[in-house]
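Below: one structure, written as structure tokens.
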Amino acid sequence: MNSDINNFDTAKPAMMKIHDWHTGPYPARVRIALAEKNLQSRARFVSVNLWKGEHKQAGFLAKNFSGTLPVLELDDGTFIAECTAITEYLDALDGAPILTGVTPREKGVIHMMSKRAELELLDAISVYFHHATPGLGPAVESYQNAEWGFRQRDKALRGMHYFNAVLKNQPFVAGEVFSMADITVIGGLIFAQLVELPVPEECGALQAWYARMQERPSVKNRVAMSVPTGANI
Numbered sequence: 462m463n464s465d466i467n468n469f470d471t472a473k474p475a476m477m478k479i480h481d482w483h484t485g486p487y488p489a490r491v492r493i494a495l496a497e498k499n500l501q502s503r504a505r506f507v508s509v510n511l512w513k514g515e516h517k518q519a520g521f522l523a524k525n526f527s528g529t530l531p532v533l534e535l536d537d538g539t540f541i542a543e544c545t546a547i548t549e550y551l552d553a554l555d556g557a558p559i560l561t562g563v564t565p566r567e568k569g570v571i572h573m574m575s576k577r578a579e580l581e582l583l584d585a586i587s588v589y590f591h592h593a594t595p596g597l598g599p600a601v602e603s604y605q606n607a608e609w610g611f612r613q614r615d616k617a618l619r620g621m622h623y624f625n626a627v628l629k630n631q632p633f634v635a636g637e638v639f640s641m642a643d644i645t646v647i648g649g650l651i652f653a654q655l656v657e658l659p660v661p662e663e664c665g666a667l668q669a670w671y672a673r674m675q676e677r678p679s680v681k682n683r684v685a686m687s688v689p690t691g692a693n694i
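Just add 461 to wherever you are in the sequence shown, counting from 1, and you've got the numbering used here.
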């Protein structure tokens, strides 16, 4: 990592590829982080069509055993999967992290809240999508358990109430500044919109926070940043 920081030059051309899908809620997390770090010019996006199951085919599985998006590919052939890991890499590149914390306390709280957002909101909605809705279609969804999916939907709604309570008392998910934890909750609410799972009316603080987040250029432009030619936005 130190060598990456020492060799970092913002004037250099793109040095990394990001394998993603333009409407995917998980890839959105990395694109938001990329924009917050003003690193768009350093990346080239490679579309992996989720609806066609390209992320489950052998060519892609060689890049990411888990068969999930996004994946960061560096110019030395290194592949980094998982949104948190990719965000850590991007945030540390210039030696001036703004999304993952600077002090041990900041790092701990941000990581805790980001993981909590995954467990209680984003991943729960993902399970609901894959098990209790048609998901990505029969070619991809080889097994579904609707009961489990609906239980996870209810878990996600409880998660919305939790983050609503958090945001009643502070401007951002992990405290006073925008961070990776906010990006993770944004990803969860993007997914909630895709599956038509609205934020409950009584969660006014969460709704107001999300309205503010959607005004950030990194969030507003997240789809257009990587949309493939000819695709619908």
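We treat Cβ as the ideally placed atom computed from N, Cα and C, and that holds for glycine. Here the structure is a predicted model, which means the values were calculated and not measured.
Check                                                                                                                 : Outcome
Beta-bridge pairing of K498 - partner residues as DSSP gives them                                                     : Per DSSP, none; premise fails for K498.
L530 to R492 span [Cα, whole Å]                                                                                       : 12 Å
Beta-bridge partners of A542, as assigned by DSSP                                                                     : V532
Collapsed DSSP secondary structure at S527 in the structure displayed                                                 : coil
Distance CB(E581)-CB(Y623) smaller than 8 Å                                                                           : yes
Distance, M574 Cα to M477 Cα                                                                                          : 28 Å
Nearest residue (CA-CA) to R577, options V634, Y487 and E549                                                          : V634
Residue span of the alpha helix (DSSP H) that contains K576, given as start and end                                   : P565 to A578
Simplified DSSP assignment, three categories, for D555                                                                : coil
S679: first and last residue of the uninterrupted alpha helix (DSSP H) it sits in                                     : P678 to K681
Strand pairing of H480, partner residues [DSSP]                                                                       : V507 and V532
The alpha helix (DSSP H) enclosing E608, as first and last residue numbers                                            : A607 to L628
Cα-Cα separation, T545 to V601                                                                                        : 25 Å
For G596, the three-state DSSP class (helix, strand or coil)                                                          : coil
Close Cβ partners of P488 (< 7 Å) along its chain, the five nearest in sequence each way excluded                     : D481, W482, L530 and P531
Residues near D537 by beta carbon distance below 8 Å, same chain, minus five either side                              : none
Environment of P678 [buried if 16+ CB atoms lie within 10 Å]                                                          : exposed
Cα-Cα separation, S687 to N630                                                                                        : 35 Å
Neighbour-count burial assignment, L511, 16 or more Cβ in a 10 Å radius                                               : buried
Three-way DSSP call (helix, strand, coil) for P689 in this model                                                      : coil
K498 classed as buried or exposed, judged by whether at least 16 other C-beta atoms fall within 10 angstroms          : buried
Sub-8 Å separation of G610 and V627 beta-carbons                                                                      : no
Closest by C-alpha distance to I651, when choosing among V680, F526 and G636                                          : V680
T548 and T561 closer than 8 Å at C-beta                                                                               : yes
Residues of its chain near L667, where Cβ-Cβ distance is below 7 Å and the 5 sequence neighbours each way are ignored : M621, F624, N625, L628 and V660
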